[in-house]
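Working notes for the structure below.
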Amino acid sequence: MSAPAVSRSAEGVIRDLFAAADARDADRSAAFLAEDFVFRFGNADPISDVEAFRQMATEFNASLAGLRHEIRSILATDREGVVVTELAVHYTRLDGSVISLPCCNIFALDGDLKVTRYQIFMDISPVFAGEAPE
Amino acid sequence: MSVNRDASLQAAGALRRAIESASPEQLNEVYAEDAVIWHNTDLVELNRADIVAAVVGLGAACDISMEVRQLDATDSGFFQTQEWTFRVPSGESLSVPSAFVVTLDEDQRVARLDEYVDSAALAALGDLLAGSSGEVPAGVVR
Numbered sequence: 006m007s008a009p010a011v012s013r014s015a016e017g018v019i020r021d022l023f024a025a026a027d028a029r030d031a032d033r034s035a036a037f038l039a040e041d042f043v044f045r046f047g048n049a050d051p052i053s054d055v056e057a058f059r060q061m062a063t064e065f066n067a068s069l070a071g072l073r074h075e076i077r078s079i080l081a082t083d084r085e086g087v088v089v090t091e092l093a094v095h096y097t098r099l100d101g102s103v104i105s106l107p108c109c110n111i112f113a114l115d116g117d118l119k120v121t122r123y124q125i126f127m128d129i130s131p132v133f134a135g136e137a138p139e
Numbered sequence: 800m801s802v803n804r805d806a807s808l809q810a811a812g813a814l815r816r817a818i819e820s821a822s823p824e825q826l827n828e829v830y831a832e833d834a835v836i837w838h839n840t841d842l843v844e845l846n847r848a849d850i851v852a853a854v855v856g857l858g859a860a861c862d863i864s865m866e867v868r869q870l871d872a873t874d875s876g877f878f879q880t881q882e883w884t885f886r887v888p889s890g891e892s893l894s895v896p897s898a899f900v901v902t903l904d905e906d907q908r909v910a911r912l913d914e915y916v917d918s919a920a921l922a923a924l925g926d927l928l929a930g931s932s933g934e935v936p937a938g939v940v941r
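Residue numbers (my numbering), protein chains in the order written: chain A, 6 to 139; chain B, 800 to 941.
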């Protein structure tokens, strides 16, 4: 069985989620999460509590002047509701400098198109170290 | 091109075995001749000879094992998350999580592999290898 195409609705949810992240609106981002969700950013501890997610998102947003997710690809997998995205994420630091970093996210959506798993694979350290990969 | 799940699982298993063995013959078999291997930490595209040399060098410095956490077929290959474990002769080891986005060619060989990993983990690997042998294999830890 080959992977089905990403459903228009799943793709729409993911695009809307990134738009909420780009708006740096923690409440709007949290609204995409299922009651039973797991969020994990890199090697950080997983988060499965919505208030902890809001707090993390609010603190992260406050550390930046801007954020933009540029979707490079959205890959369906053969597991229902599981979608992989490859992105360039453009971060504007508080000093106004911009750094762009590659990122890979994996999402699992339930039958109501709520996000049950949101995992981010990337190296965020250059954003806060003031260096870009060469 | 559409790759079926069986072909993806087979290719993923062959890739894991080749990397764990650090065998140049196996590695040359799983990667296409014109394969491109890219890491998010340096954005450098390695060719097959580069990655084979890097994995062989790494395998000479430590034991490599890979525990696959998730493996899903995509239309062009597979997506896999894993926990690498690198164990040096002194017994010290380091675990590093990462994700692969793999494109397979028509012969089910790896045509492109994008690996996403945290640079802090790679720095720790560099420290582990340097502490063990004083040398860090080129091409792996950047």
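Glycine included, every Cβ here is placed at the ideal spot set by N, Cα and C.
Small disclaimer: the values here were computed from a predicted structure and weren't measured.
Check, Outcome
"Compare the beta carbon distance of A/L72 and A/A26 with 9 Å and say whether it is the shorter of the two.", "yes"
"Do B/D874 and A/A81 have their C-beta atoms within less than 9 Å of each other?", "yes"
"Mapping DSSP to helix, strand and coil, what is A/L99?", "coil"
"For B/V940 and B/F899, I'd like the C-alpha separation in whole angstroms.", "Model confidence at B/V940 stands at a pLDDT of 47, short of 50, so the residue's coordinates are unreliable; what they give is reported in the following sentence. Rounded to whole angstroms, B/V940 to B/F899 spans 17 Å at the Cα level."
"With a threshold of 8 Å on Cβ separation, who are the neighbours of B/E891 within its own chain once the five nearest residues in sequence on each side are excluded?", "L927, G930, S931"
"Do B/F877 and B/A810 come within 9 Å of each other at the CB atom, strictly closer than that value?", "yes"
"Is there a C-beta anywhere in chain A that falls below 9 Å from the one on B/F878?", "yes"
"Report yes if the C-beta distance between A/I125 and A/F46 is below 9 Å; otherwise report no.", "yes"
"Per DSSP, which one or two residues make a beta bridge with B/R911?", "B/V835, B/T902"
"Hey, quick one: how far does the alpha helix (DSSP H) through B/G783 stretch, first residue to last?", "Since the displayed chain B opens at 800 and closes at 941, residue 783 of chain B lies outside it and no answer follows."
"For B/G812 and B/L845, what's the separation of their Cα atoms in angstroms?", "21 Å"
"Counting only beta-carbon separations shorter than 9 Å, does B/L842 have a partner in chain A?", "yes"
"Nearest by alpha-carbon distance to B/R911: which of B/N803, B/S822, B/V843 is it?", "B/V843"
"Taking only beta-carbon positions, decide if B/S931 is within less than 9 Å of chain A.", "no"
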